[in-house]
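Chemist:
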Amino acid sequence: MRRVRALLARIAGIFTRHRADDDLRDELQAHLDMEIAENIRRGMDPVAARRQALLASGGLTQAVEAVRDQRGLPWIEHVAADVRYALRALRRSPAFTTVVVITLALGIGANTAIFSVVHGVLLKPLPHQGGDRLVYLRHSADGPGGENVLFSVPEVRDLRGGAPSLAGIAEYCPWTVTYQANEGAVRIDVGLVTGNFFEIMGLSPLLGRLTRPSDDGPGVPPVMVLTHEYWTKRFGGDSGVVGTQLLLDGSSVTVIGILQPAPFFPNRMDALLNMVISPHHLSALMVEGRTHRMTEVVARLAPGAGVEQAETEVAAVHARMQSDFTEAYDPGSHYRVAVIPFKEALGERARLTLWLLMGAAAFVMIISAASVANLTLMRGVRREHELVVRAALGAGVRRLRRLLLVENLLLAFLGAVLGVVIAVGGVGLLTSLAERYSPRASEIRLDAIVLGFTVALAGSVALLLSFLASLPKEGGFASWILAGAHRLTARLGRHRLQRGLVVVQVAVSVVLLAGAGLLTRTMMRLADVSTGLRTEEVLTLQVSILTPTQLLSDPGADAWAKERYDRMRDEVAALPGVVDVGLGSPTPLRSSFVQLDVKAEGGVLAAGEATPRAELRTANPDFFRAAGIPILEGRPFATTDQWDAGMVVILNQTLADRLFPGEDPLGKRVAWTGDVLRFTPISGEWRTVVGVAGNTQDGGLDAEPRPVMFMPFAQMLAIGGGLVIRADSNVAGLKTAVTRVVRRIAPAAPIENVMTVAQIKDQSVAPRRLNAALIASFGGLAVVIAAVGIAGVLAFSVSARTGEIGIRMSLGADRGRVQRMILREGGGLLAVGLVLGVAGSLLGAGLIRGLLFGVAPHDPATFIGVAVLMAAIGIVACWIPAHRAARIDPAITMRSQ
Amino acid sequence: MAKKSDVKQGTLALMILGTLEVLGPLHGYGIARRIEETSKNRLKLNYGTLYPALLKLEQEGCVTTEWRRSENNRRAKFYALTAAGRKQLAREAREWHATADLIAAFLAPRRESP
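Next up, the structure:
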């Protein structure tokens, strides 16, 4: 209590200083007067009495100082004085301050922005209750499309019974439904979930309720929970939507609640529904079919259980499944289950890119800190005179050190503030980048932890800078003062530090440039990849007239839908400028979700060889011509290839090579195969190969072409449909007219992905372009800072050596020789930096192998290009101060010495 | 600093409070004289020691101050003990006695048993 009171009094004391000082002086004077009077009373003469009293007082000024220290909080007052002083000093050198603040702001801004993404997407704890106990189970197999084959209901049942370290298993089936909104039909991505899903995931409702076990099974009303993202995007966060009914796939579904914000894997979800919306999911086929794998699985670890233990148990269950049901697990495909912490699974696509960006940002920070350090060192030399004067006036080394620290903290703080402003701008751009890689992009924000990171960064830079300045040891100032030095320049040790910093800047710039070069080449290579289509003047769109449920439950639906597709084709073909219209699904350059095992008649698999798998695509006779996909052998489909005619297929080149290596596939017979056919409307009868089509880059420009088997649009149920439209020019201009036609013929069908081939291609290249652009801008920034750094250090060296150069010139050195001398000094630094940078990049390039395409990590062209570019910029940076040195006039220099 | 003997901050506060209790409200000079006399001039207080201590006591609420005329009709700042100051004095005196007794117990019978 007493302490608190005293502290408050002292804080108040800071503000009442002047009045209190007057009061104190009066009091001390009174004391002195009384003492003098007493001395006189004792018989001293007035002069002696006064002298004696003053001696006894111990010094009035010292007393005032001592009382002042007791009155306020001297520490705070000193700091305030330091801040005032530092502000004054910085204002006196505006150029220095501006350059330092901007340089720091760029580094701090880049780091803050990218750290906010890394933190939001990779590091932050999941929003799920106990999210660190959630694990994602990935079922995978060899071969195309085998990365994630999902689980079937019987498999989930086995896992549930056999792995005690999994306390609960949440399942969700990704599914799309057609939502009949007021303004037209849209497709939404939903998850069909069981009643315990949210409890196991640890998710709570924001509004309303979530599904519960009573929502399971047939004969219950369909209900849906909107994800926070979709609710905000589609309904503007209107709480009135809870309790209303939406028309999904023709049934009324009640919105029972809004889910808290939470990421889904592998893709975003718009809503979560109970199973009753899809009779298929409740059918015996689904519930009993071991190969009918449509379910994603996230499990919660039991208390005390670890990921490794769970993985061991799951592997044991899986091994038992494989031996009990050999027909469901083709041994050649090596089915396996991985148990991955859910947070890692959510971050896996983003991880490499983000750490690369974080690394690049860290490099920018190193360069900007090195550059600022150099500037500070140079300024420090110019300030030595001032420091000596302050020391002579009684400032101790500690006080000076504190003063420098305050100054640097102030600079770093200003840099941080500006950096955060830059980061605020950058986060928007980075979020749109992260959205391509991570379902957690909406969690990116500049929160307290990110700002804490910023403050820590700025603080460490300030500390670093303060301890770079070389002050003498306590008491060592005497020698400085005695030396009367007003320029203690060119002390070798410090100079070496400056040169070292320049070398670091050059080396780090080279590393960043090399990274930028490799990524730019990747992007260019990717843009050069042929899509497999002969032209980009092609417009594609997808329109699903039937939902899977309608298709599976209504026998007449298929013919009805095909009639509409044909009408669309005819009417679009009649539009002006349209050359060809094809029908098929999926449209070119989009991957197919249907991948099935295939076999060739008479073909025998080698022992342990995986059963070949192919994507199923449909096409009508004009499809290949409209899309510009070449028919390499045989013929395209004909109008006669109908249900009642012989079953025919066209293979793409990859599948033809896989099934019939070295043979002519035409006339051979192939069939879909595998247990899973039982759950599909696709028959396993033999089909005759009538043609071979060229490969197309359906899985993205950087993916290997997948094996594809085309079936005639007329010989397959209309599980989806799309139009492929070729025009003589400006195909993008047809979008509105085509959409209008489609909307009129199928008003209830959602229209998706209305894009030209050029746009699809661009979409595939875009993330890489953004990557390359970001790293390249970091590289560019680094090079500029480094070039300014070299020029600055050389200019400083020239000004420190003015006298020496003057002497050299007066002794006969000509201008060229002086210029060469300075160039040599800079060139040496540049060369060392280049060598270190190239060596470092060669070592580090392997780390980003996964982000490269068509370029080796040690691509010689890139490295040579980067080295030449850096050398050229560096030489220009050296040339400016060298030129200045050569123009030194010896006469003037000698006189001023 | 006093040459003869350094005064510890804590003990000086105790001496000041003791002086004010005995003599009533008093100015800085009077306090200094009294402490020096009581110590038989073994303690010498300079201003830089005395006045920060007085200020500290004021900040802690142990004393109040008032400008008044002194006995010699001079204007001086008088320090007076508050209730809190009296309590503080009592507590510190008790602690001091306890400590002194304790130390005395260790120092006095130097060799009691062989």
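Line by line, the protein sequences are chains A and X.
Under this note's numbering, the first residue of the first sequence is numbered 146, with each subsequent residue one higher.
Under this note's numbering, the first residue of the second sequence is numbered 7, with each subsequent residue one higher.
For each residue, glycine too, the CB sits at the ideal point set by N, CA and C.
Three-state secondary structure (DSSP) at W1024(A)?
Modeler: W1024(A) falls in the helix class under three-state DSSP.
Chemist: Based on the DSSP secondary-structure assignment, which residues constitute the bridge partners of A745(A)?
Modeler: DSSP, once it has assigned bridges, lists V815(A) as partnering A745(A).
Chemist: Exposed or buried, F923(A), counting other C-beta atoms within 10 Å across all chains shown (16 or more means buried)?
Modeler: buried
Chemist: List the whole-angstrom C-beta distance separating L804(A) from P757(A), where the pair is believed to meet the contact cut-off of C-beta under 8 Å.
Modeler: Indeed they touch by this definition, with Cβ atoms about 6 Å apart.
Chemist: Reducing DSSP to helix, strand and coil, say where H103(X) ends up.
Modeler: helix
Chemist: Does the beta carbon of N47(X) come closer than 8 Å to any beta carbon on chain A?
Modeler: No, no contact with chain A.
Chemist: In or out: H437(A) buried (at least 16 other Cβ within 10 Å) or exposed?
Modeler: H437(A) should be labelled buried.
Chemist: Roughly how many angstroms lie between the CA atoms of N184(A) and D167(A), to the nearest whole one?
Modeler: Between the alpha carbons of N184(A) and D167(A) lies a gap of roughly 26 Å.
Chemist: Please confirm whether A630(A) has its beta-carbon closer than 8 Å to some beta-carbon of chain X.
Modeler: Residue placement at A630(A) is flagged as unreliable, the pLDDT there being 47, under the threshold of 50; the coordinate-derived value follows with that caveat. Taking Cβ atoms only, chain X never reaches closer than 8 Å to A630(A), which makes this a no.
Chemist: Just confirm the distance between the C-beta atoms of L684(A) and I890(A), as a whole number of angstroms; I'd bet it's less than 8 Å.
Modeler: Between I890(A) and L684(A) the Cβ distance is about 17 Å, and since that is not below 8 Å, they are no contact.
Chemist: Kindly list, in the order they appear in chain A, the residues whose Cβ is closer than 9 Å to that of K93(X).
Modeler: Residues of chain A passing the Cβ test: none, with the nearest at roughly 10 Å.
Chemist: Going by beta carbon distance, what residues of the same chain come within less than 7 Å of I774(A), once the five residues before and after it are set aside?
Modeler: G677, L678, P733, A838, G839 and T841
Chemist: Do I401(A) and G353(A) count as a contact pair if the criterion is CB distance below 8 Å?
Modeler: yes
Chemist: For the alpha helix (DSSP H) holding P239(A), just list the boundary residues, first then last.
Modeler: P239 to V263
Chemist: From M861(A) to Q687(A), what distance separates their C-alpha atoms?
Modeler: So the two alpha carbons sit approximately 17 Å from each other.
Chemist: L32(X) and L23(X): beta carbons closer than 8 Å?
Modeler: no
Chemist: In chain order, which beta strand (DSSP E) runs of at least 3 residues are fully inside the region 502 to 555 of chain A?
Modeler: none
Chemist: Put R962(A) into one of helix, strand or coil per three-state DSSP.
Modeler: helix
Chemist: Please list the residues of the region 52 to 71 of chain X that have a C-beta atom closer than 7 Å to any C-beta atom in chain A, keeping them in chain order.
Modeler: N52, Y53, G54, Y57, P58, L61, K62, Q65, E66 and G67
Chemist: Cα-Cα, which of R969(A), F1008(A) and H1003(A) is closest to W1024(A)?
Modeler: R969(A)
Chemist: Measuring alpha carbon to alpha carbon, tell me which of N47(X), G34(X) and S76(X) ends up nearest L169(A).
Modeler: Nearest option by C-alpha distance: G34(X).
Chemist: Take R832(A) and list the residues in its own chain whose beta-carbon comes closer than 7 Å to its own, dropping the five residues that flank it on each side.
Modeler: These residues qualify, in order along the chain: M792, V793, V794, R814, V815 and A816.
Chemist: Which of the three DSSP states, helix, strand or coil, is assigned to M861(A)?
Modeler: coil
Chemist: Looking at chain X, which residues of the region 200 to 222 of chain A have a Cβ within less than 8 Å of any of its Cβ atoms?
Modeler: A201, S202, G203, G204, L205, Q207, A208, E210, A211, V212, D214, Q215 and R216
Chemist: Going along the region 32 to 46 of chain X in order, which residues come within less than 9 Å of chain A, judged by CB to CB distance?
Modeler: Per Cβ criterion, the list reads H33, G34, Y35, G36, A38 and R39.
Chemist: For L657(A) and I1009(A), which I take to be in contact (beta-carbon distance under 8 Å), what is that distance rounded to the nearest angstrom?
Modeler: So it is not a contact: roughly 17 Å between Cβ atoms.
Chemist: Evaluate H163(A) with the Cβ neighbour count: other Cβ atoms within 10 Å of its Cβ, from every protein chain shown; 16 or more gives buried, anything less gives exposed.
Modeler: exposed
Chemist: Anything in chain A within Cβ reach of R81(X), meaning under 9 Å, just list it in chain order.
Modeler: D171 and A175
Chemist: With a cut-off of 8 Å on the beta carbons, I'd call A1006(A) and Q964(A) a contact; round off their distance for me.
Modeler: The Cβ separation is near 33 Å, so there is no contact.
Chemist: Tell me which residues share the same chain as A1027(A) and place their Cβ nearer than 6 Å to its Cβ, disregarding the 5 neighbours each side in the sequence.
Modeler: Q964, I967 and L968
Chemist: Leaving aside the five residues before and after D703(A) along the sequence, list all residues of the same chain whose C-beta is less than 6 Å from its C-beta, in chain order.
Modeler: The answer, listed in chain order, is L862 and A863.
Chemist: Would you mind listing the alpha helix (DSSP H) stretches within the region 61 to 94 of chain X that are 4+ residues and don't spill past its ends, in chain order?
Modeler: Runs found: none.
Chemist: From the DSSP output, in three-state form, read off A384(A) for me.
Modeler: At residue 384(A) the sequence reads Ser, which differs from the Ala that was named. DSSP places S384(A) in helix when its eight states are reduced to three.
Chemist: Out of curiosity, what's the CA-to-CA distance linking A154(A) and A579(A)?
Modeler: 54 Å
Chemist: Which chain X residues sit within Cβ distance under 8 Å of C180(A)?
Modeler: The amino acid at residue 180(A) is misidentified as Cys; the sequence shows Glu. Result: Y35.
Chemist: What are the partner residues of H33(X), as DSSP defines its beta bridges?
Modeler: F84(X)
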